[in-house]
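Participant:
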Amino acid sequence: MFWASYLLAALAVILAWPVPVMLSKARWTARAPGAALLLWQAIALAGGLSMIGAMLTWGLVPLGDNLLAGLRGLAALIFDNNPADSGLDPVHVFALSAALLLTVHLVFTLLLTYLRIRKQRNRHRDLLNLLSSPAEHSPATLVISHPAPVAYCLPGGEGSVTVLSEGLLELLSPAELDAVMTHERAHLAQRHDLLLLAFAAWRTALPWLPTSQLAQRAVSELTEMLADDAALHTARRETLIRAIAVVASGERPAGTADPAGAGLPGGAESDALSTAHRLRRLLTPQPALSTAAQYLVALVALLLLSVPTILLIAPGLAG
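For what it's worth, the UniProt record's numbering labels the leading residue of the sequence shown as 1, then goes sequentially.
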């Protein structure tokens, strides 16, 4: 377990800096946004597990030669209340305390982020109830009286709605409007709000990590690309391009910068950059990543999650 703690610490550093930086600059992600999202999730989960695991295994070294033995030793120490024979020094106690605090911090931040976003959505939904009216042939679509072209989705389980502005309805043709609706409904159907909520919480908990900062921007952009791909199943490429350009010229109401309602660092600048990347992807389409390559990405994601798990539980790594 001594060596396991060092290996976990090294993995945590790698996943906190060079890996997310390289992935954020990779060009293949636009050709396989689903696979790229899977890899981002694996990096975040494996990075968090490695950080907590490194401190936990280091702190438990005097209590056992593997994680389970160390936890049993810790439980016996707590309940027997006899620290003199444990072999724990202040450094190991600090490592155990840090592991516990980081775990509580991450879970608590996730909970607070969920509550904050839920409150924002409820408040926004109350405003919509006052300022909008249902679309003529779609009760799950609300129309607001606003001259700017606006389209976004507001998740809420069975009460999820798509919001359009009168300005948008005046500017778009029926085919372009259908493309926008399909795009927004893809966000709701694929539950992008849950994915973005998790990465918003990750950034709030550890804002100094490139993983959290780069991941939130990248994941938001990738979800938009996935929704664009869904729209392309029924809409012509030129139609979707014009619809995106029209919607991008409008201003979203506060608190709806993305499907999660969490907002993104950079505000309008980040939205504009994401839109530029999406339009370039549609204007100069590249062939989708091969099935074999996408399976390889999935395998890498699985390995990223497996390595810290194995290092935590493998009894032969006592060192």
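For glycine and all other residues, C-beta sits at the position ideal for the given N, C-alpha and C. Since we're looking at a predicted model, the values are computed, not measured.
With a Cβ-Cβ cutoff of 7 Å, do residue 31 and residue 286 count as a contact?
Facilitator: Position 31 of the sequence shown, counted from the start, is the residue given in the question as residue 31. Position 286 of the sequence shown, counted from the start, is the residue given in the question as residue 286. Yes, the pair counts as a contact, with Cβ atoms nearer than the cut-off.
Participant: In chain order, what residues of the same chain lie with their CB nearer than 8 Å to the CB of residue 166, ignoring the 5 residues before and after it?
Facilitator: For the purposes of this step, residue 166 is identified with residue 166 of the sequence shown, where counting begins at 1. Within the same chain, residue 166 has close Cβ partners 143, 144, 145, 146, 147.
Participant: May I ask you to report which of helix, strand or coil DSSP gives residue 140?
Facilitator: Position 140 of the sequence shown, counted from the start, is the residue given in the question as residue 140. Strand at residue 140.
Participant: Rounded to the nearest angstrom, how far is the Cβ of residue 7 from that of residue 51, given a contact under 8 Å?
Facilitator: Here residue 7 refers to the residue found at position 7 when the sequence shown is read from its first residue. Here residue 51 refers to the residue found at position 51 when the sequence shown is read from its first residue. Their Cβ separation, rounded to whole angstroms, is 13 Å, which puts residue 7 and residue 51 out of contact at 8 Å.
Participant: Would you call the stretch 63-75 and the stretch 39-51 in contact, with 3 or more CB pairs under 8 Å?
Facilitator: The stretch 63-75 vs the stretch 39-51: no contact.
Participant: Determine, using beta carbons only, whether residue 92 and residue 59 come nearer to each other than 7 Å.
Facilitator: Residue 92 sits at position 92 when you count from the first residue of the sequence shown. Residue 59 sits at position 59 when you count from the first residue of the sequence shown. Yes, Cβ-Cβ distance for residue 92 and residue 59 is below 7 Å.
Participant: List the DSSP bridge partners of residue 133.
Facilitator: Position 133 of the sequence shown holds residue 133. In the DSSP output, where bridge partners are listed per residue, residue 133 has 143.
Participant: Can you list, in chain order, the residues of its chain with a C-beta nearer than 8 Å to that of residue 169? Leave out the 5 residues immediately preceding and following it.
Facilitator: For this step, residue 169 is matched to residue 169 along the sequence shown. The residues are 143, 177.
Participant: In the DSSP assignment, find the unbroken alpha helix (DSSP H) run with residue 4 in it and report its ends.
Facilitator: Your numbering for residue 4 matches position 4 in the sequence shown. 2-16 is the span of the alpha helix (DSSP H), which, as asked, contains residue 4.
Participant: What do you reckon, are the CB atoms on residue 63 and residue 73 nearer than 7 Å?
Facilitator: In the sequence shown, the residue the question calls residue 63 occupies position 63. In the sequence shown, the residue the question calls residue 73 occupies position 73. Yes, the pair counts as a contact, with Cβ atoms nearer than the cut-off.
Participant: Taking DSSP as the reference, what is the three-state secondary structure of residue 234?
Facilitator: Within the sequence shown, the letter at position 234 stands for residue 234. Coil, per DSSP.
Participant: With DSSP collapsed to three states, give me the class of residue 290.
Facilitator: Counting from one through the sequence shown, the residue named residue 290 turns up at place 290. It is coil, neither helix nor strand.
Participant: Return the first residue and the last residue of the alpha helix (DSSP H) that residue 180 is part of.
Facilitator: Locating residue 180 in the sequence shown gives position 180, counting from the first residue. It spans 174-189 - the alpha helix (DSSP H) in which residue 180 sits, taken as one unbroken run.
Participant: Put residue 164 into one of helix, strand or coil per three-state DSSP.
Facilitator: For the purposes of this step, residue 164 is identified with residue 164 of the sequence shown, where counting begins at 1. Strand.
Participant: Report back the beta-carbon spacing between residue 113 and residue 200 to the nearest angstrom; my notes put them in contact at under 8 Å.
Facilitator: In the sequence shown, counting from the first residue as 1, residue 113 sits at position 113. In the sequence shown, counting from the first residue as 1, residue 200 sits at position 200. Confirmed, about 6 Å.
Participant: Can you give me the Cβ contacts of residue 205 inside the same chain, cut-off strictly under 8 Å, excluding the 5 residues immediately before and after it?
Facilitator: As a first step, residue 205 must be located in the sequence shown, where it is residue number 205. Same-chain partners within the cutoff: 105, 106, 109, 110, 212.
Participant: Can you tell me whether residue 78 is buried or exposed? The criterion is at least 16 other CB atoms within 10 Å of its CB, across all chains shown.
Facilitator: Indexing the sequence shown from 1 puts residue 78 at position 78. Exposed: under 16 other Cβ atoms inside 10 Å.
Participant: Below 6 Å CB to CB, which residues in the same chain sit around residue 164 once its five sequence neighbours on both sides are set aside?
Facilitator: Working through the sequence shown from its first residue, we reach residue 164 at position 164. Once the five neighbours on either side are set aside, the close Cβ partners of residue 164 are 143, 151.
Participant: For the putative contact between residue 188 and residue 180, defined by C-beta atoms under 8 Å, what is the C-beta separation to the nearest angstrom?
Facilitator: Position 188 of the sequence shown, counting from 1, holds the residue named residue 188. Position 180 of the sequence shown, counting from 1, holds the residue named residue 180. Going by Cβ atoms, the distance from residue 188 to residue 180 rounds to 13 Å, so no, they are not a contact pair.
Participant: Check this for me: beta carbons of residue 289 and residue 17, under 7 Å apart or not?
Facilitator: Against the sequence shown, residue 289 aligns to sequence position 289. Against the sequence shown, residue 17 aligns to sequence position 17. Cβ atoms of residue 289 and residue 17: not closer than 7 Å.
Participant: For my contact list, residue 37 and residue 300 are in at a C-beta cut-off of 8 Å; report their separation, rounded to the angstrom.
Facilitator: For the purposes of this step, residue 37 is taken as residue 37 along the sequence shown, with counting starting at 1. For the purposes of this step, residue 300 is taken as residue 300 along the sequence shown, with counting starting at 1. About 13 Å separates the two Cβ atoms, so there is no contact after all.
Participant: Using CA coordinates, which residue listed in 20, 276, 226, 229 is at the minimum distance from residue 247?
Facilitator: Counting from one through the sequence shown, the residue named residue 247 turns up at place 247. Checking every option, the nearest Cα to that of residue 247 belongs to 276.
Participant: Whole-angstrom Cβ separation of residue 228 and residue 278, contact assumed at under 8 Å?
Facilitator: What you label residue 228 is simply residue 228 of the sequence shown in a count that begins at 1. What you label residue 278 is simply residue 278 of the sequence shown in a count that begins at 1. The Cβ separation is near 6 Å, so the contact holds.
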